[in-house]
Structure formats: structure tokens, C-alpha cells
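Trainee: I'd like to ask you about the structure that follows.
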Amino acid sequence: MYFRFKRLAFFIILSLSACSDNVPTTIPLNAGDTLLTTANQAAKLHLEVLSSPENSTTIEMILGEGIELLATLEAQNGESLPNQSLSIASAKGNFLTENNLLTDHDGQATSLLLATTEGEDVITVKTPTGLTAQLAVVVNTPGDELEDDTSEEVPDVTLN
């Protein structure tokens, strides 16, 4: 009961503060980053693949493959936001080891994604206040991976 009342009071305060003219608006940054301002404090949420060195907009996986996802929550000034609740979900129902996350002292939380459903998917992580970040995923069946297409033809060589 106390938790529900506290949550309702927090929602009402956020709603009232959103009506005032002194609160900046929400500005999206890019595919993995979102900026949210709540009660005059900006926060940024980012979702990425932990084992992938490149910053790709779409992650390609093979059915049955698993990858580790990293969600990072920080204040606009770059300070980490520890002990914050996050939820993560797959639009197509691919399996995530953790759906309810809590950021650590670095403002980070991880979950493993297991590709169980073929096709295009969107992984969404969000805060209770509505801040979201998304990551596009394409799951292929084994053998459907993109092959390296070389446009050069190999000439026939005849040895005498």
C-alpha cells in the first residue's frame, strides 16, 4: 500500500512539473540514446551490445546465439545514476535473462539476449519515468547469414 501511494505521489509530482514552463522538453539524440528531463534533472539512457566493438544500428544474430546487452543510465553531466530500476523487453519475444534490472554504482545493468525468434526485433530498455532506448536486432536461421559478395570475377588460368 505504501509503495503504491509513494508511486502515485511521484507520478502526480512529475505530471505537475511537466505542466510548468521552466522544464525543458525531451530531445532524442540517436538510435541508442535518449535524453529525458524530469524535475529539472536531465538523464541519458543508452543500450548497446557489450561484446561488439563497433557502434552498429542493427545487430545481426543467428537463431540460438546469445549476446550480452549493456544499459547505461547517466545524468546529463555524465555522472552515473546508481540503484535505478530499468525494464528490458523484446518486441518479438526473444529471451532475455533479466527483464527487471537495477543499475550498479556505474549506472550500468546487463542482460543476456538469446535469439529464439527469427526475424526483425526491437529490444527496448526503459525507466519507470518513461525514458527509453532501443536496439534493432535481426535474427537469421543458420545458413541465412549474409555472405561476403565479391563483385570481382576470378579469371580462368590454363597452364601449359
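According to mature numbering (1 follows the signal peptide of the UniProt record, and there is no 0), the stretch in the sequence shown is residues -20 to -1, 1 to 140, in order. The beta-carbon is built from N, C-alpha and C at its ideal position, and this holds for glycine as well.
Could you give the DSSP three-state label for residue 94: helix, strand or coil?
Mentor: If DSSP states are grouped into helix, strand and coil, residue 94 belongs with the strands.
Trainee: Candidates 96, 107, 75: which alpha carbon is nearest residue 83's?
Mentor: It is 107.
Trainee: For residue 72, which residues in the same chain have their Cβ closer than 7 Å to its Cβ, ignoring the five residues on either side in sequence?
Mentor: Taken in chain order, the residues that qualify are 97, 99, 101.
Trainee: Could you check what DSSP says for residue 85 in three-state terms: helix, strand or coil?
Mentor: If DSSP states are grouped into helix, strand and coil, residue 85 belongs with coil.
Trainee: Give the DSSP bridge partners of residue 72, in chain order.
Mentor: DSSP lists no partner for residue 72.
Trainee: Taking 7 Å as the line, does the beta carbon of residue 75 fall inside it for any heavy atom of the ligand GTP?
Mentor: Ligands in the displayed structure: none, and consequently the ligand GTP is not present.
Trainee: Hey, how far is the Cα of residue 123 from the Cα of residue 95?
Mentor: Answer to the nearest angstrom: the Cα atoms are 15 Å apart.
Trainee: If you count every other CB in all the chains shown that lies within 10 Å of the CB of residue 121, and 16 or more means buried, which is it?
Mentor: It is exposed - the Cβ of residue 121 has fewer than 16 other Cβ atoms within 10 Å.
Trainee: Under a three-way DSSP split, which group does residue 114 fall into?
Mentor: It is a strand residue.
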